[in-house]
Amino acid sequence: MKLSLTALFGLYTGLVAAAVASPQNPFDPPISSTGHALLTSSRHPKHNVHIKAHSAGSWCDPEVRSWTGYIDSGYGKELFFYYFESRSSPKDDPVVMWINGGPGGSSAMGLFLEQGPCRINKDPSGLNDTVVNPYAWNEKANVFFLDQPIGVGFSHGDYGQTVATTEQAAIDVAAFVEIFFEYFDLHGRPFHMSGESYGGRYLPLFASAVFDNNAKLKKDGIEPINLQSVLIGNGLTSIFTTIDTQYELMCTKHIDLGYAVMPIKACVELVEQLPKCHQMLKKHCLETVDHAICTLWEAHCGDLWNLTPLSVERNRYNLNQTCTLEQLEADRCIDGQLDLEKYLNLPDVQAFLGATGHFGLNSHLVNQDFYRALDEVHQTYWYVAGLLERGIRVLNYVGTLDAACPHLSQEKWMAQMPWTGQAGYLDAEWESWQVNGKEAGIFKTYENLTLLKVFGAGHLVPTDQPENALALLNEWIEGA
Ligand SMILES: *[C@@H]1O[C@H](CO)[C@@H](O)[C@H](O)[C@H]1NC(C)=O
Ligand SMILES: *[C@@H]1O[C@H](CO)[C@@H](O)[C@H](O)[C@H]1NC(C)=O
Ligand SMILES: *[C@@H]1O[C@H](CO)[C@@H](O)[C@H](O)[C@H]1NC(C)=O
């Protein structure tokens, strides 16, 4: 796919002189001798890109080429990404986007702690302090990891802007996707949008924005993005069903563990509070928005299920593991977070990636902004339904040991979701999901909607069950 400048820049007018392709450059999209490209789109005159190309084996993945850098999604909103080619057939394989949740979580978590091409060694001191992940999601797909919204990971607003709602973030992500596909000449390539946790709210809105934006692309004579599916992993798609299912999750015999996790007394206290939480959030946050009262109930009810696993020293991200309050507060319930922050703050690593700024895995500011905007209190399933009605496939996969965005909550909102296939979905039977001849979970599917429960995994399915998580992705993108 050797590109001519005309093909690549056909839609762009303001190609900056310093960014003309360097003759030594082995990469398809033109990159300057400084390793950066800069271009602006005529459709969105305020979009720039600053991208560095990395040859195969120069870091992280020994086999594939990669690119890292910034795409300005509009008016100085610089979104940072890492893009890895497929280990199989990069010219034909589909494109997968990965985002983490939070709100405020960097996708570096997915890349380096979950399903990216490499993991970080303990106490890293240089770029190559990594080991290859044989179960990376770029085995058969071209995968990019996106830090969003601005304020998260390496992404930032040039003029101190902030983004506080998923609706705003979706506009920037759709612009990013449009420019990304243009820049890497991915027109027509099947596209799957994946992510985790708060991604259960992000992804349905982001995919809808990409879908709706396609109408504009068509009107302007540009090939639309071939959006095929959404993959939500342990998502917060409904805060209401998260509340409704806490008792059953923590206080009845767990599907995977085979016992009830919480003590009886704590369970009774929990079950007495939960209906009130549901009712108050619905009343003050959804039906009428009383900001002050809503925020109080959000905080009170959030504590109920954030802290209950800790009261029995369980890790809320994996009920089969222990974690204390001190460990949670120090971000130590998930292994490797501090090493990852150290790695991405090494000056030579940042210089190599073309990234700037202090790296934090979770932005508390972004988190607070979303929280104050009451972003989590919505019926996000309307977006999922909207995608299904338009022929976009949706996979909701969930590690059964997660208490943050539990499997029972997924089951409940998916049953409640009104869409043309609702009756068929409700009638569908659970089936066994086998990987290499062994049961790895159970699933339920109707038309383009699938719920998959992954056994032996918590909030981070690719971390807990790497091989099964790769099988999950590959089966899904092959349409199996
Ligand atoms: C990392 O390893 C690759 C492959 O061995 C090598 O080409 C590159 O120079 C190394 N980079 C650093 C910063 O050590
Ligand atoms: C399911 O998805 C496929 C592929 O996107 C699409 O062609 C088909 O129309 C969808 N089916 C329904 C019933 O929406
Ligand atoms: C829980 O952890 C133990 C010890 O690591 C392991 O043997 C067991 O299989 C795990 N249970 C589940 C359901 O993952």
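Residue numbers (mature numbering (1 follows the signal peptide of the UniProt record, and there is no 0)): -18 to -1, 1 to 462.
Using N, Cα and C, we set each Cβ at its ideal position, and we do this for glycine too.
By the neighbour-count criterion, in which 16 or more other beta carbons inside 10 Å mark a residue as buried, Y241 falls on the exposed side.
Contact annotation, G403 with L434: C-beta distance approximately 17 Å; criterion of less than 8 Å not satisfied. Assignment of beta-bridge partners to L292 by DSSP yields no partner. Per DSSP, the continuous alpha helix (DSSP H) segment holding L322 begins and ends at Q319 to L326. Taking each of E429, A451 and C283 in turn and checking the Cα distance to T224, the smallest one comes out for C283. Fewer than three Cβ pairs drawn from the region 333 to 341 and the region 186 to 205 lie within less than 8 Å of each other, which leaves the two stretches out of contact.
F63 carries a strand assignment under DSSP once its states are collapsed to helix, strand and coil. Using a cutoff of 7 Å, the CB of L239 counts as near ligand 3, since one of the ligand's heavy atoms is closer than that. DSSP places Y52 inside the beta strand (DSSP E), whose first and last residues are S48 to D54. D384 is the residue among V78, P448, D384 and W412 whose C-alpha sits nearest the C-alpha of H236. DSSP, read as helix, strand or coil, puts W287 in helix. The Cβ-Cβ distance between E269 and N216 does not fall below 8 Å. Here the alpha carbons of V31 and Q416 stand approximately 43 Å from one another. Contact annotation: L431 and V376 have beta-carbon atoms nearer than 8 Å.
Assigned with DSSP and collapsed to three states, F188 falls in helix.
If the five residues before and after V77 are omitted, its C-beta is found closer than 6 Å to the C-beta atoms of N124, L168, R171 and F173, all from its own chain and listed in chain order. Counting along the chain, V250 sits inside the alpha helix (DSSP H) bounded by residues I246 to L263. In this structure D43 is buried. Its beta-carbon is surrounded by 16 or more other beta-carbon atoms within 10 angstroms. Taking C-beta atoms under 8 Å as the contact rule, W401 and S220 fail to qualify, at a distance of about 15 Å. Secondary structure at A355: coil, using DSSP grouped into helix, strand and coil. The nearest non-hydrogen atom of ligand 2 is less than 7 Å from the C-beta of N430.
In the three-state DSSP reduction, V331 falls in the helix class (H, G or I). Close CB contacts of D154 within its chain, under the 8 Å cut and outside five residues either way in sequence, are with S55, G56, K59, L61, Q130, P131, I132 and V145 (chain order). In the three-state scheme derived from DSSP, where H, G and I count as helix and E and B as strand, L218 is classed as coil. At least one heavy atom of ligand 3 falls within 7 Å of the beta-carbon of G438. Within the same chain, Cβ atoms closer than 7 Å to the Cβ of L408 are found at A397, the five residues on either side in sequence being excluded. Residue F136 holds the alpha-carbon nearest to the alpha-carbon of S88 among F136, F66 and E411. For A453, the CB contacts under 6 Å within the same chain, skipping 5 residues up- and downstream, are V417 in chain order. With a cut-off of 7 Å, the C-beta of Q130 is classified as distant from ligand 2, since no heavy atom of the ligand falls inside that distance. Runs of alpha helix (DSSP H) with 4 or more residues, each lying fully within the region 387 to 413, are found at 389 to 398 and 404 to 409, listed in chain order. With contact defined as three or more Cβ pairs closer than 8 Å, the region 354 to 368 and the region 272 to 281 are in contact. At a Cβ-Cβ threshold of 8 Å, L256 and D226 count as neighbours. Taking C-beta atoms as the reference points, T304 and E311 fail to come closer than 8 Å.
In terms of Cα proximity to S68, the closest of L93, W119, L187 and N82 is W119. Between the beta-carbon of F66 and that of V46 there is about 6 Å, and that keeps the pair under the 8 Å contact cut. The beta carbon of R314 sits no closer than 7 Å to any heavy atom of ligand 2.
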